[in-house]
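S.K.:
Right, here's the structure in full:
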């Protein structure tokens, strides 16, 4: 490209146009995982809020807040463990269902169990013994 | 005869009134595009998936604030762009560019490119190298240049739409895009 010329006129700009045309496949199951997350945050029938005993009274935490808290804690813990990503969180039948994707070669079962234990502990630290139980499900394994 | 598909605006209006199925319909319709934008901004498939999740949750929570001043697709572009920017800015500083580009995003893109590999194997190799170079170059730019480039040059939005997504005026956007294109081309020439 000559100095001051329009980059769009440069023959090499065709590479950018080729990139724009290159298809980007959606990961299998992504839409279902998104829907599960959205349903988790949206909530179904109104559930009984969690009640947490505190000095001078009781704190009531709604289902939606519990799901969002779990999602944030889960994402932070997964980043610290490494090779794990929280894809969805839903509150179903009184249990927090956490869906993750795991990097190939990491030892999926061990990583998922580590996340489950740490997440359960983190939730108990935030919500007390009333924190719901946590299940972790591996939805996909990706190669890095 | 089946009913005609609902417009985005109609679905959003129904979703805002509490019709969960209407919002789910929007999720099914727009997630592929939102994932593509997130992947092109972050360069990482795993991170792009997180971005899409966060974006849809933000969209659902932001439903009451949507005034209909912009198209639904423009609003969703804004939501996913903001989510992607949040992830990029929170990213660990130790993640190298090569690491990000060698990740699963690369594999997903390769999978897409493979779709036309059988028709023209030699052309496919050249295209793959070109696309790889462009993605590397875009990912090495600052996000203030990367995001408008992705929206305008890869997603094909008009200047007005990109300006609306980024909430800047068109003149400022044109200027920023010109600098971004010059920077991108310089990086491509550096590499080739």
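Chains as they are written, first to last, in the numbering used here: chain R, 320 to 463; chain F, 42 to 233.
Think of the CB as a built atom: it goes at the ideal place given N, C-alpha and C, for glycine as much as any other residue.
Quick caveat: nothing in here was measured; it's all calculated off a predicted structure.
1. Would you list the residues sitting across from residue 459(R) in a DSSP beta bridge?
2. Counting only beta-carbon atoms, is residue 94(F) nearer than 8 Å to chain R?
3. Could you tell me which whole alpha helix (DSSP H) segments of length 4 or greater appear in the stretch 376 to 441 of chain R?
4. Between residue 341(R) and chain F, is the shortest Cβ-Cβ distance under 8 Å, so that the two count as touching?
5. Measure the CB-CB distance between residue 421(R) and residue 408(R) and report whether it falls below 8 Å.
6. Distance, Cα to Cα, residue 65(F) vs residue 207(F)?
7. Is the stretch 420 to 436 of chain R close to the stretch 68 to 75 of chain F, with three or more CB pairs under 8 Å?
8. Starting from residue 126(F), trace the alpha helix (DSSP H) in both directions and tell me its first and last residue.
9. Are there 16 or more other CB atoms within 10 angstroms of the CB of residue 185(F), so buried, or fewer, so exposed?
10. With a cut-off of 8 Å, does the C-beta of residue 76(F) fall near any C-beta of chain R?
11. Compare the beta carbon distance of residue 440(R) and residue 455(R) with 8 Å and say whether it is the shorter of the two.
12. Between the stretch 110 to 129 of chain F and the stretch 373 to 381 of chain R, do three or more beta carbon pairs fall short of 8 Å?
13. Could you pull the start and end residues of the alpha helix (DSSP H) that residue 333(R) belongs to?
14. Which residues does DSSP list as the beta-bridge partners of residue 452(R)?
15. Using CA atoms only, rank isn't needed, just tell me which of 183(F), 218(F) and 179(F) is closest to residue 198(F).
16. Given 8 Å as the limit, is there contact between the stretch 174 to 193 of chain F and the stretch 211 to 228 of chain F, that is, 3 or more CB pairs closer than that?
17. Using a Cβ cut-off of 7 Å, pull out every chain R residue sitting near residue 87(F), in sequence order please.
18. Between which two residues does the alpha helix (DSSP H) harbouring residue 189(F) extend?
19. My understanding is that residue 61(F) touches residue 95(F), with C-beta atoms under 8 Å, so please give their C-beta distance in whole angstroms.
M.R.: Reading off the structure:
1. 420(R)
2. yes
3. 382 to 400
4. yes
5. no
6. 26 Å
7. no
8. 113 to 131
9. exposed
10. yes
11. no
12. no
13. 332 to 340
14. 414(R)
15. 218(F)
16. yes
17. 404, 420 and 461
18. 184 to 190
19. Actually they do not touch by this definition, with Cβ atoms about 19 Å apart.
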